[in-house]
Structure formats: structure tokens, C-alpha cells
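If you read the protein sequences in the order shown, they are chains V, F, D and L. My numbering puts the first sequence at residues 3 to 420. My numbering puts the second sequence at residues 10 to 232. My numbering puts the third sequence at residues 95 to 380. My numbering puts the fourth sequence at residues 86 to 794. For glycine and all other residues, C-beta sits at the position ideal for the given N, C-alpha and C. Keep in mind it's a predicted model, so treat the numbers as computed, not measured. One structure is given below, encoded as C-alpha cells.
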Amino acid sequence: MDSALIPEGAKRCAFPKFAVGIAIVGAVVLWGVYAMLLCWFKGLNQTNMNDNYGFALWIWADLAVIAVGGGAFFTGLLKYIFKVDELKNIINFAVIIGFICYSSALLILAIDIGQPLRGWFIFWHANVHSMLTEVAFCLSCYFAVLTIEFIPNILENRQANKIPFFHHLAHNMHGVMAIFAATGAFLSFFHQGSLGGVAGVMYGRPFAVREGLLIWPWTFFLFTWSAAAFGPCFTLLVTKITETITGKKLVKDNVVHLLAKISGWMIFTYIIAKIIDTIYWAMVTAPGLGFDISRFYSDNSFYGYWILLTEIVICGVIPGLLLIMKSTRENPALRLVAIILGVIGVCLNRWVMVLQIMAIPVMSFDTWALYIPSWQEVATTVLPVAYGIILIAVTYRYLPVFPQEKELNSVEPAAETK
Amino acid sequence: MSKKENKNESGSAESAGECTAGDTKDDKGLGLGVIFFILAFVICFLSGTLLFPKLLYSKKEQPFNFNHELHVGETGDCESCHAIREDGSFNGIPKLAKCQECHTETPLGETEDEAVFTEMYVAKEKEVPWYVYSRQPDCVFFSHAAHTKTEGMDCVTCHGPIGTSTNLKPYEENRITGYSREIWGQNIWGIKKHSWDRMKMDDCAECHKKETGHQGYCFQCHK
Amino acid sequence: MNKIENKAHKFGMVIDLDKCTGCGSCMVSCMSENNVPFKEDESNKKDSITWMRVYKLTNGKSFPDTEIVYLPRPCQHCGGKGDHGHSPCVSVCPATATDYGYDTGIVSQIYTRCFGCRYCMGACPYHARYFNWWDPKWPEGMEKYLSPDVSPRMRGVVEKCSFCFHRYQAAKDKAYYDGRDDIEEDEYQTACTTACPSGAIVFGDLNNPAHRVHEIVKPDPHPWPNNPNVVGKSRNPNVFRLLERLGTNPKVYYLSEREWVRKAGDNYLDGEWDKIKNHHGSESHG
Amino acid sequence: MKVDRRSFLGLGLGAVAGFSVSPVLLKLTDDSSIWTQNWPWTPVPVDGEVSYENSVCSLCPGSCGISVRKIDDRPVKIEGLDEYPINNGGACLHGISGLQYLYDPARVKSPLKKNGDKFEEISWDDAISVIAGKLNDIRTAGSPEKFVCIADKDRGSVPELFKRFLKTFGSSNFYTMPGFESYLKLTAEAMHGKGMTIGFDLENSDFVLSFGAGIIEGWGSPVSCFKANASRKEREAKLYQIEPRLSNTAAGADKWLPIKPGTEADLALGICSFILKHNLYAATAAVRFKGGLNKFAAQLQNDYSLSKTSEITGIKESEIEEIATLFAKAKMPIAVFGKGKGDASQSLKEFIAVQTLNCLMDNINKKGGVFIQPVKTYLEFPEETLDDVAKEGNEKPRLGQYVHDLFEKINTSSQPVVDTLFVYQSNPCYALHDTKTIKQAVGKIPFVVSFSSFLDETAKEADIILPVHTFIERLEDVPSGAGLSKTVVGLSKPVVKPVFNTKLPGDILLLLAKALDGTVAENFAWESYDECLETVAKNIWDSLFQDGYAILEEGVPEESVEVNVAFLTGNPSSIQATGDGELMLIPIDNMRLPSAAPAASPFSIKTVSDEVLKGRDTVVEINPKTAKGLKNYDYVALTTPVGTAKVMIHLNEGIMPGVVGMVKGLGHSFDNKYVSNKGVNINELIGPVIEPGSGLDAAFGVKAKISKA
């Protein structure tokens, strides 16, 4: 039915099956869209956020998708700038994941603000001292870069490629992609960092505040670093999931191993920095403000030391080590465990840096504020996931995302008819 | 042009099938394209400059005409009617009671406008629903006392030579914002020749910067 | 004449917690003065807009040694680290919807500029900032009591105490009219101050030694030796500020003769209070 | 000419480029920015000229001076009036919220007549003629005493007009709701002679011993008390607070002495006993006591030894000794009574016991002490002319001594004892104990007329509602009372034109009187209430009108006063709470919640803590020791002999173990979503307990049980 669009030589499932799958996920999208419309038309009272929880699930989702979307910029950086050529076999997919993550982040932000129609004031009346301004500018610019990076891949669609203009455009764009990759890496460095800065500069919140370098608190660098470290984990994880669902091998092991290795070393170094940061904060910064570290992890029914331990050791040190060591890295099961832990780890870190900050009382007579998101928040947070699945399904089906697919899955020469 | 042609040529050559015929056609198409481009450009530019303002503003007539020149002549100055109250606030457009200090139900003059005024408003004790050219959004605070009393500015600097006018100009209401055209200024580009041509925040800030060295903090003009 | 603009004020407040009865007059006076909306259920204090909120503190002891104190909390109008005007909230606002008035020390909030990202709320440790989760609605006819001095807010923006800035504007207008170059202490008083039946709130210019607030607080203009971020520490041993150690430098001071109350104003490690409690603003500059 | 893809591309690009370089984008950006900043549904308050008008608040007996800020004709803010003799600036939250009462859409907007279950609007003329018809029928039937009126208070020209209306009609059945003012008079009458009242010079006393008086909870004249309390610090005056719960007054006091609920009188007598035993009383005091002190002292020694007092009250002997000594040694001590706000149910024995302490220290009519003097009158009404019906009616005995007796009588009589009831500005169906029986009694009355601004619980039971102006729209004299050391009459002035189709209560009475047969009309010959007030208050009118107030009495009175403790020597028994539960439920007076009419405003409800009201649930306080594993905000069923309620609990270390504290002022059941249908009305859980000797409803609490719900 849609075979004319399917990449040459690639085998895809029957269209009805595909359509059913899309419809199921589409229903989730519609649910999310409904919740989104509720939030827009009825206001943010649809959420369970409150004056203690000005930042909640959405901002976490935002930070998390941007962190895991960091695979795009980092892979791009490695491929185009550091010329790690093997990565060309996964770069398309990394870019698509990045595109999904960043578009989702922008969408969530558009729902999250109280007056969405004035959201552009962040550009129009920008306060250059605000980390959020930096985030907004870099995020938007980098999204533009990701779109540009994504375009050539779209143009490689069999039908689109037949149009000479598109064909050339795609070709030429590939040629200059290094420039965009560099720009993207630069922008990413800043917005990943400034997202970390968002928490780190809140000097009224002893749990969040960090000292730092010039105007940038340490969280700035930690966020960038962790995004670079865990982003590829997510790229690998989604690749793995796609491979499982399609039942095909799409990327060669050496590529996977390479990315995993790089990710492993990044995680390992990151986690050392994170540990140093945590120790300094726990021993110096917070006590200097009158807070014993136990204040952050006790007297409430949810946030305990377990969260710190999980984030740093179980989802930090362990995946780092698993990916560094050749034997575990090349063991598919352990590698999978490591990348899953890694993704959980970075999401947990973002959770802590958004929600735990808000939960902790600062005034001595204040109380812990715990929060459970409303279904509207959950639905709008699931929305990007569902949208991501659809976009991946569609791009996988119609675009030559994985250059090694053909090679790895030798199909009988074009049996399909036009 | 030729460069583009070449590109197109090579493009056609490389692409399979379909666009084999017609360098000339392409050429013609491109020519048409350029013409269309120029045409659309000019039309859109002109309509954006000339037609757009007409669409953007709806003209509203004041309840009746008011001759500022005549009244200034009678009273001597602006402050007789547009006064700063003892608490330092500004009375804006005077209430009917102020007018009634001179006007009774018997007209003072012979104009049609005054007849309307006395019949419709003075006799019925009804306030005149003037459209206010300089009305600012609710979030704006403005102290007339600070400007006229303390700094000795005259009314003209911001309001223009309204005191010498004999007719009220039509009130042009911005269909999007609901505010008067005077705020953005008559010039659709927002270019001003006189200090009174525009009344936007940037104009306040500009003058403040010049006169006080600082554009002021938010609360100076916002409430 | 320009003096009104040029002389830098630093408006602040000192609240005598031994006098405060928790009666709620300040809260209601503030709501009424500033067009604060209300809704059907205001018992969830986490979504109830109260620019002035009165906290109830207890000493944590069991019956019959329990003690209570009420602590009214307006916006603290933080001067930020080193009192340079980079308040926790001002520095984070992406759209410049809030700024620090260096001429008054008052932190503004411009509702029409704010687009509701709520970063400022996260940054404020005092929960002094409130979000309009709902469209403010007044029961039919009740919008007639709204004051034109403060613009009503809309859904989706943040609002907070302004130290009744419109009263400052009104006082200045009166001074302009009279041809005076500055306002008197009693001409500019916030709505909570004038409403307090106990006279627990004293408001004035912390830069003006003749003002009562200055007399009580005796702010130390020099950085506190223990923490250079802290400026304006009181030299009155009974006066403290909330979360002073964070370096937010609030302009709202509190006064209490009870030690446990003063201790509750900030966070201390075990045993730290006893070491730190007698460190007031440097005496040498007194 | 073939228009192909490129032409379209050119067209599109050209259009985009054309618009881009035209001012459209810039202008639209700017306009849309302004558009998004000014939504049409956000109200824009109209600006205008600022003016201030002075008046007096009559929401509570406090009678504070207020200053109303207006923008043109529109009041926008109420504040305390500087230099006013009672509050001198400062105001309480209810007064400040006054405009919410004024503009409340839930107000009664025009006269209403009940038709079945619903109210219908009727004209004033119709309302007056229906009521007059009914009243004329009663007079024709020769039973004018069956016309009864309940008002909020009995001082001031409007209550006087009601009384006059009843008297000339032929009924002596005028009742007031329980109030501190009337308790003061009752106590003074029992101890010091008829026509006397009591005032406390709190602002000059150096030691205040308060028997549960919520000095900063709304007791007496609230703002005046706040000021006196606040000045303690500078005056180095002490406050000792005796009550079962750490109220705000207790928290602000120099010492809080938790006491078993309902034993305040015993403690006062125990202290008396100690003072007498150790000869700590003032030498000059003895002569004041009628019949001398010896017999009284002997009786107290016997009944109230230290150990006995300690046992009864739960206060340590050493502490009783300490407070007795401190009280006696203080330069100008003062003992104050009236638990909570001093209104609602109270015990005369307790009042007299506490007042005896004052008398023992002989702080009577001294600066910083207790002022005992005749009630000051300032109104001069012309002599009534009564016709035979009226004369006969007035001869008949009253239906009861107090308002609760009235309802008791109605409920227990088989014959209808009341034919027509006027309820003026009070809400007995909400504010009296055991509201269910009160409602039942009101239901038995054939014709009920409510003079009310709001459709409250009692108005809902009425057959006709006559809406009256709120205090902001009213002209009225507002005499202060409430235990102040001075008597001030304020003039409430109409600050704004009536918002709805309402009238002054005085004017309504004039209209009614004119429609009645007999001599009633001629006793109300004034053209209007305005004229009436000016005439009857002529002695102080100039001062009232010009200054907004007239001071009737200020400074230390010179009266020499006798003390009569006969009530105590008659050995009255103490009040016992009814029921058999293991816990004692006591009401809590909260400054932020009015306990009687009118109900709270939206603003004041907004200030109420979530430890008092959570969603639609009342939160009761119990000591963690009593909680038995219950946690904060657990639901419990609270059962008393009178009723059961589902409430939440809050663990409070500041309440005695064994005691449950429940706030007064919640649980209204009328149509106003902001203030009504929130929580439980405690009066539904407590029944009246009549004090022997005084006949007062003196229920201080009720035995209760809680079980997890």
C-alpha cells in the first residue's frame, strides 16, 4: 500500500499492522492532547502543582528528555568534529531521538507556562541574567539545528529523493553538517548546562545551590557532562528497543560497543565529579547554610538516602563500570542492564534537581511538601513518549535511518511491486 | 540566472526520468516566478504599509465635538479643567460637574455641539462618555504631578498641541488591543517626529534615560 | 526637586512577634488593599493567595510547655547576596517581569509581563510568591470594591506583596503637589502596618536613622564577618531575619525576646546556635 | 501562460518578503503583546477621586471607628480610624472585610415572602401590609403578648425602637441574644446594684489575671483589647491566662495555666480563699462587702482549701499560691472573666467569683482596675401612650427570662405561646445551643419576620424577610459597651447609597407602626428614622454629627460601690457538663471566625488555618496523648448526647489531655459557597445547661466520644 515510500531494499511489516500499531499509540497521543487542551483552556489548576510546587513533573520531564536527548549532540560532536566515523551508522537515529526529545521539551514548556500566548516574552523581553533565558534561547536554536540535521534524512526518503532539488539539498546539507554539529554541540553545552544552572543558582534553596565557576554553578557543568554521558545510553536503548520490535539487527555491534564504551567512560568520569560535588555540598555548602545533610533525606515519607544511593551508585557507578569493562560491555544482557540503569540514573538526577528541591522545607517552621501529579500532568508527559514512538515508527518505516540495515538484513531483491 | 540554470540542468540530468523536457519551460517558469515574486512583494508591502492601518483601526466618533482652543481661550490654561488634585493625583478628563461650573442647561454659545452637550448630558446629569486618546492599559501608573509640577514639563510635550485644536480628531481604536492609535502614533512604522507622537513604554523610558540617566524601575510606572 | 528620585530609600519592616496576636488583620487588609482574589476553598494553603501570610510556629515542646508564636510573612524584598539587588527571584526571571528598585529596595512584580514560568517561586525560600492557578473571579457585584491603585491579575501569572508600592506613589504625588522634596515617614505606610491593631509592624526607611524601623533594627551597613553575603544585619540582639544565612538579605526584620523564636528564624546545625546567637551586627560600627 | 510551481513559490516568497519589510510584523507583534496582557475578563477598576469617610463599625460590640476610602462614589477599602477613642487606628479583619458584606451577592436584595419552600420577592408595601395585617389580628384577638422580638443587643436607638414597638403594641417579650454586654450588667446587678455595669481598665492594669477571657480572641471590644495587650510590653504589665487550651491569648501571656474545663469559678474562689486566709486583700476592701467578709471567708476556707481547689481545677497548689500571691501583691491587679469572646453561654457564679477577686483587692473605680458605674443612657424617647390592649398585654408575664427559655417554652407548650416573632439582626437558629430544637421551636411559630441583610439560618425559617442596610449603608447610633473602661457612642453614617432594595431597620419599624391600629402609630410619629435619631439623641447630637462620636463616660468613675456576694454564699452548685463520654468537648473562639451573626466574610474564611478548617471539614484539636494512634487529619466521629459529627483531628500539644477543642463559627448552612457549608456548627453538638440561681445557659462544653470514622 505504502510500499512506494519504503526505503529500497528494506523490509517492513504490512501496512495494516503498522496502522494498527500507530492507531494504538495515537490514542495515547489523543489522550495527551486532550489533557493539553484542558491545561490551555482551563488553566494550570488542572495540575496538582501548587505554590510550593511551581516546578513539578513537567519540568522534570523537560529536563529528562533533554538529558537523554543529549545523545544527539554528543554523537554528532564525536562523528563530525572528532571524526569517529563508525558513528555515522547511528547518527541518523541519534538525531531523530534528539529531535523528538527537543520538540517534546518545547511542547511541554508551552503547556507548563501560565500564559502560553505570552511565552515568546522570554525572547522579546529577555533577562540575560536568568538561566532560563539561556535555556530558552539555546533550546530553540538547537532545536532549529536538530531540524536542519534531520532534514537530509527526511529527504533521503525514496520519493523525496527522486526530486532533484531535494536530492541535492540533502547531499549538500550532509556536506556542511559538521558546521551544524559544531553549532549544536556549542548550543547544547550551554543549554544542558543552563538547565543545571537553573537549580544551581537558586541560592534560596540550600538543596539546590552550588558554588561554581564565574556565573555558572557546578551543576551547570555536571548537567552538560551527564547529558553527554547518558544521552548515548538512551540512543543505544532506543536502538535496542527498535531492534527488538522490528526483530532486526540495525546497527553493527562494533558501533554499539564503541558508543557504549565512550558512554561508559563519560559516565565514569561524570560520576566521579558528581561524587566530589556531592561530598563538597554535603560537607561544606549545605552545613554553611545551617543544613545538616540529613535534613534533606529525613522527616518525610518519600525522600530518603535511598534516592542519593540509587542515583549515584546503582545508576551511576555501576553502569559506568559495566560499560567501561570490555567483558561486561560486550555482553548484550549486561550492556542492556547498564544502559537502562544509566537512563534511570540521569532521569533520577533530574527528578532530584527539580522535585526534591521543591519538597524540602527551607524555613525551619516549614514542612515537607510532597506532590502527586494529576492525570492531566501524566497524560501530557506521556504525550511526547507516544509522539516519539510514532515518529520513530514512521521514520524507521519510510526513511533510511540505519545505513547498515540492508547489509545486516539481506533481503531478497525487491520483491515488492510498485 | 545562468548559474541557476546550470544547476537545474545538472539536477535534471542526475534525476531519473520525469523532468527531461523543458529547459525553456523552466526558464519561463523562473521568469514568471520572479515576476510573481516582485508582484506579490509590492502588493504585500504596500498593503502592509497602506491598507493594514486602515484595517487595524476602527474609527469612532466622539459624542460631540469639543473646541479646545475656545475653552483654553476662555479659561486661560489646561489646568483649569485638567487639574492635579490636592492629593497629587490627576483628574484626567473633567467630570460633568466641572463643566457645570460654567455650563448650565442654557447654552453659552450657539454651536450644535454645545446643544448636544446641554441636552444630552447637562440636562440628564449624565457623564459624557469620551474616548480618551491617551488611555493606557490598567497596569500603567503615571504621575502627572511628577512631570508637570516637579519637573515643570508642559502638557504639549506628551499630549501635543491639543490645546490649540478646534476639532476633536476621530478616535481610532486598535481592533486588537482596544487602545487608541495615539499610543503607537499615527505613523504605522512607529516613527515619531515630535515627542508627543507616541506614548509607548519605550518612549517613557527613552525620555527618562535622557533626563534622569536611568529608564526607571518597573514599579515607577507599573502597578 | 529631583531628590525624590535620587535619594535612595531602603524600605523595610520590623515585626514585633511578641506583640503579634495572629489576629489576621494584616492578611485581610492586604487582600482588600491589593485586590487579592478569593475562591470557594481556600483551606489548601499551598494554592491560596495571601501576600501576607501569618505562620504559626511552636516551640515543639509537649503539654504544658508548648509555646506558640505567630509570624507574619510578607514578601521579604530581598536585597540578594551582598545586598546588591540580585534577589533570588529577580535574578532568575527570564522575562524581566520582576526587578529590584535600587531607589526603594522594593522588589516589583509586573503581572502583564509575567508569563507564568514560576521559576521565581522555586527560587524563593519564603513561599512569598503566589501563582494564579485560577482566573480570579469576584462574585457578581463584588468587583465594585476593587481598588484602581493595584491592577487585578489574570490567570497564569505570579503575584506577591509589593510593600503597597501604590501608597508610596500616592505619597510622592502628594509631596510633588506640595512642592516638597521628600515624603514623611507616616505618609508611606503599608496596608498591613496601618491595619495591625497591636502595632506590631513598624515600616519605614532602613536608610533613614530618624525612622523608627531604623531605630529598632539598627542595621549594620557592613558585611557580616561570619558571612560576607550578609549585609544589614541587625545590631539589636532581639532582632533577626528569616534565613539570614542564605544571604538573601531580606528587608523584613523580626523582633522577639524569646530565644526559641529567634532560633526558629534560621537553620542551625546541632550546637551551632549557642555559638552563633550572640553574633549581631558589628558593634564597632554602632 | 502556465502558472507552475515556481510561480506559486515566487508568489509565496514575495508575499512573505513583502509583509516582512512592511510594518505589519512589527506592529502585529506589539499589538498581540498588548492583546495578551489585557484579557477582557480581567476586571479593570475604574479610577476616580479619592476621598475618605468616617463611620463606625457595628459588626460586633467593639464599635470601632472606621475610615472608608472611596473612589468617587465607590467604597474600596475600610480601615481603622485614627484618633477614634476606642480603636485609635487599627481594625480587625472583619471590619476590614466589611465591603464583602456590602457587595455580597448572597445578600437579601429585596423583601422576600415564603411561598412553600421558596422565597418570592415582594414589594416593601406588600410586606409591610402583610405584617401589619398579622399584627393587627393579634391585637384584635387580644393577645398582644404573643408578639415576640429577638434582637442582637438592647442598647442604641434601634433596639429601643423595637422595645417601644413591643411595648406600645402590648408585649413585654423583647429578648436579646446572649452577649458580653448583658452578662456584665447581670453581674454588676447581682453584686453592685441595679442599673450598674462593669468596665475593665486593661490598658492601665499591671497584672491581668484572665479566667479564660480571650483578650486577643475577640473578647470585649477586640481592637481596644489588642492595643491594651500590645502595650503590656512597654508597661511591663503581666498577663496570666487560665484556660484548658493554649489559645492565642494564653500564648501571648506571661504564663498559661491549663485548667480543667468548667472549674474557673472554683479556682477564683480558691484564690479568694487563699487571699482571705493570708490577709492579702486590700485593707479598704472589707468595708465594701455587704455583711462583712468573715462569714464569706469562713465558708471559703471550708469549701476551697488549697488542696481542694487544686484537686478540682487540676492546677498545682504551688501554682495557685503563686498566682494568688502575685495577684495580691500587684500594684493594680485586675481579674477578668468571660471565657472566649465573652458572649455565648457563661456562668454567673464564675463571673461573680472572679469579680469578687477584684473586690478583694479593692481595685474598684481606680485607674487600672474595674470600673463599676450606672449604665449611661443618652437617648430620650417621648413617653409612650398605651391603649388598653397594650396596657393589658404588658401586664402579662414574660414567656421566659432569657432567649433560650423562650424557645424551651415554645417547644414544651402544647398551646401556641408565640404568634409572631421578629428576629432582628440575630441568628438564634445557628448561635444557640442545640440548634435542632431551636429550629423546631421557630418552626412552631405561625409567623416569623426576619430583619436581616443575609439569608442566614434563621432568616431561612422566616415567613417574611425584610432586608436591612449593612452597617456601611446605615445611619445609626452605635453605643460601645463590651467591658470597655469608657463609654462612647459612635455614629454610623451611610457611606454609600444602598446597593440593594433594603431599608433602615428604624424606618421599617416606623412604616409598620403607621400601619397598625390603636395607639402604636402615634408613638412613632417621626417622619423618618433620621429625624427620630436626631430627636432622641439630641443631647449628644452635635458632637455625634460633627465628631462622629460622643464620649459619655471617660476616666475613673467616682461612684462608691457596695459588694454583695450573696449569690456565692448561697452556695450555688457548679455547672456539670452533660453526657458520659470520656472526653470533654469545648468550644474554641477564634478571632478569624465570627461566632454569631453575621457569618464570616470570604476574606476572613480565607485566613482560617488548615488546622481549623480543611476543605469542607472542621478540624478538632486533641492532645497527642488523647489521640491513641490517630494521626493529623484522620477522620473521626465525634459523638455527644446532642449529636454526632464527622470531623478531622489535629494533634495539638497546646490542649489539655482529655479535652477536644472545636472552633465556633463554622458549619453555616445557607447559600454562599465562599463561607457556608464548611465544617460543623458546634452548637449542634452542645445542649444548654441551665445554671441554678441565674437561669443562664452556662454549658461550657459537653462530654464526648471519638471513634475512628
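> Closer than 7 Å, Cβ to any Cβ of chain D: which residues of the region 129-158 of chain V, in chain order?
Replying inline: Those residues of the region 129-158 of chain V placed with their C-beta closer than 7 Å to a C-beta in chain D are 129, 131, 132, 133, 134, 135, 138, ordered along the chain.
> Going along the region 103-134 of chain D in order, which residues come within less than 9 Å of chain F, judged by CB to CB distance?
Replying inline: Of all residues in the region 103-134 of chain D, none has a Cβ within less than 9 Å of some Cβ in chain F.
> Whose C-beta lies closer than 6 Å to the C-beta of residue 734 of chain L among residues of the same chain, with five residues either side of it excluded?
Replying inline: For residue 734 of chain L, where only same-chain residues beyond five positions count, the Cβ hits under 6 Å are 705, 707, 715, 719, 721.
> With DSSP run on the structure shown, which of helix, strand or coil describes residue 355 of chain L?
Replying inline: It is helical.
>> I'd like the ranges of any alpha helix (DSSP H) spanning at least 4 consecutive residues and lying wholly in the region 451-485 of chain L.
In response: Restricted to the region 451-485 of chain L, the alpha helix (DSSP H) segments that are unbroken, complete and at least 4 residues in length are 473-480, listed in chain order.
> Mapping DSSP to helix, strand and coil, what is residue 230 of chain F?
Replying inline: The answer is helix: DSSP assigns residue 230 of chain F an H, G or I state.
> So, helix, strand or coil for residue 164 of chain L, using DSSP?
Replying inline: DSSP, read as helix, strand or coil, puts residue 164 of chain L in strand.
> On the three-state DSSP scale, how would you describe residue 156 of chain L?
Replying inline: If DSSP states are grouped into helix, strand and coil, residue 156 of chain L belongs with the strands.
>> Quick check: the Cα distance between residue 27 of chain V and residue 213 of chain D, rounded to an integer number of angstroms?
In response: Rounded to whole angstroms, residue 27 of chain V to residue 213 of chain D spans 33 Å at the Cα level.
> Would you say residue 73 of chain L and residue 408 of chain L are within 8 Å of each other, going by their C-beta atoms?
Replying inline: With chain L represented from 86 up to 794, any question about residue 73 of chain L goes unanswered, as that position is not in the structure.
> Going along the chain, which residues of its own chain have a beta-carbon closer than 6 Å to the beta-carbon of residue 307 of chain V, five neighbours each way excluded?
Replying inline: Excluding the 5 residues flanking it on each side, residue 307 of chain V has same chain C-beta neighbours closer than 6 Å at 299, in chain order.
>> Alpha carbons only, please: which of V:387, V:411, V:395 is nearest the one belonging to residue 32 of chain V?
In response: Nearest in C-alpha terms to residue 32 of chain V, of all of V:387, V:411, V:395, is V:387.
> Using 8 Å as the Cβ pair cut-off and three pairs as the minimum, do the region 422-438 of chain L and the region 763-780 of chain L touch?
Replying inline: Flag = yes, the region 422-438 of chain L and the region 763-780 of chain L touch.
> What does a CB cutoff of less than 6 Å around residue 596 of chain L pick up in its chain, not counting 5 residues either side in sequence?
Replying inline: So the qualifying residues of the chain are 213.
> Which full runs of the alpha helix (DSSP H) of 4+ residues lie inside the region 288-372 of chain L, going along the chain?
Replying inline: If we require 4 residues or more, the alpha helix (DSSP H) runs fully inside the region 288-372 of chain L come out as 307-315, 317-320, 333-337, 349-362.
>> When you compare the CB positions of residue 109 of chain L and residue 61 of chain F, do they come within less than 8 Å of one another, or not?
In response: Their beta carbons are under 8 Å apart, which means residue 109 of chain L touches residue 61 of chain F by this criterion.
>> Beta carbons nearer than 9 Å to chain L: which residues of the region 158-192 of chain D have them?
In response: Residues 158, 159, 160, 161, 162, 163, 164.
> Taking all protein chains shown into account, do 16 or more other C-beta atoms lie within 10 angstroms of the C-beta of residue 10 of chain F, making it buried, or fewer, making it exposed?
Replying inline: Only weak support exists for where residue 10 of chain F lies, its pLDDT of 39 falling under 50; the coordinates are left without a value.
> With residue 389 of chain D and residue 205 of chain D assumed to form a contact (beta carbons below 8 Å), what rounded beta-carbon distance in angstroms separates them?
Replying inline: It is not possible to answer for residue 389 of chain D, since the shown part of chain D is limited to 95 through 380.
>> What would DSSP say about residue 415 of chain L, mapped onto helix, strand or coil?
In response: Three-state DSSP puts residue 415 of chain L in coil, outside helix and strand.
> For residue 349 of chain D, which three-state DSSP category applies?
Replying inline: In this structure, residue 349 of chain D counts as strand in the three-state DSSP scheme.
> Shortest alpha-carbon distance to residue 342 of chain V belongs to which of V:11, V:236, V:133, V:329?
Replying inline: Closest option to residue 342 of chain V, Cα to Cα, is V:236.
> What is the residue span of the alpha helix (DSSP H) that residue 334 of chain V lies within?
Replying inline: Per DSSP, the continuous alpha helix (DSSP H) segment holding residue 334 of chain V begins and ends at 334-353.
> For residue 636 of chain L, which beta-bridge partners are listed by DSSP?
Replying inline: In the DSSP assignment, residue 636 of chain L forms a beta bridge with L:573.
>> So the candidates are V:210, V:136, V:344; which of them puts its Cα closest to the Cα of residue 317 of chain V?
In response: Measuring from the Cα of residue 317 of chain V, the nearest candidate turns out to be V:344.
> Should residue 350 of chain L and residue 659 of chain L be called a contact, given that it needs their Cβ atoms to be closer than 8 Å?
Replying inline: If you check the CB distance, residue 350 of chain L and residue 659 of chain L come in under 8 Å.
> How would you call residue 286 of chain V, buried or exposed, if buried means at least 16 neighbouring beta carbons within 10 angstroms?
Replying inline: Exposed, because fewer than 16 other Cβ atoms sit within 10 Å of the Cβ of residue 286 of chain V.
> Taking buried to mean at least 16 other C-beta atoms within 10 Å of its own C-beta, is residue 372 of chain L buried or exposed?
Replying inline: Under a 10 Å Cβ-count criterion, residue 372 of chain L is classified as exposed, with fewer than 16 other Cβ atoms of the shown protein chains found around its own Cβ.
> Mind checking if residue 120 of chain V is an interface residue toward chain L, Cβ cutoff 8 Å exclusive?
Replying inline: For residue 120 of chain V, the nearest beta carbon of chain L is closer than 8 Å to its own beta carbon.
> Of all Cβ atoms in chain D, is any one closer than 8 Å to the Cβ of residue 106 of chain V?
Replying inline: No, because no Cβ of chain D sits closer than 8 Å to the Cβ of residue 106 of chain V.
> By a C-beta neighbour count over all protein chains shown, 10 Å radius and 16 as the cutoff for buried, is residue 7 of chain F buried or exposed?
Replying inline: A query on residue 7 of chain F cannot be resolved here, the shown segment of chain F reaching from 10 to 232 and no further.
>> Considering Cα atoms alone, identify which of D:307, D:119, D:109, D:267 is closest to residue 174 of chain L.
In response: Closest by alpha carbon: D:119.
> For a contact meaning CB atoms closer than 8 Å, what does residue 43 of chain F contact in chain L?
Replying inline: The answer, in chain order, is 95.
>> Just to make sure I have the definition right: I need the residues of chain D whose C-beta is within less than 8 Å of the C-beta of residue 677 of chain L. Which are they?
In response: Around residue 677 of chain L, the beta-carbon contacts reaching into chain D at under 8 Å are 117, 118.
> With 16 as the cutoff for other CB atoms within 10 Å, does residue 155 of chain V come out buried or exposed?
Replying inline: Here residue 155 of chain V is buried. Its C-beta has 16 or more other C-beta atoms within 10 Å.
> Name the residues in the region 617-639 of chain L whose C-beta lies less than 9 Å from a C-beta of chain D; which are they?
Replying inline: Residues: none.
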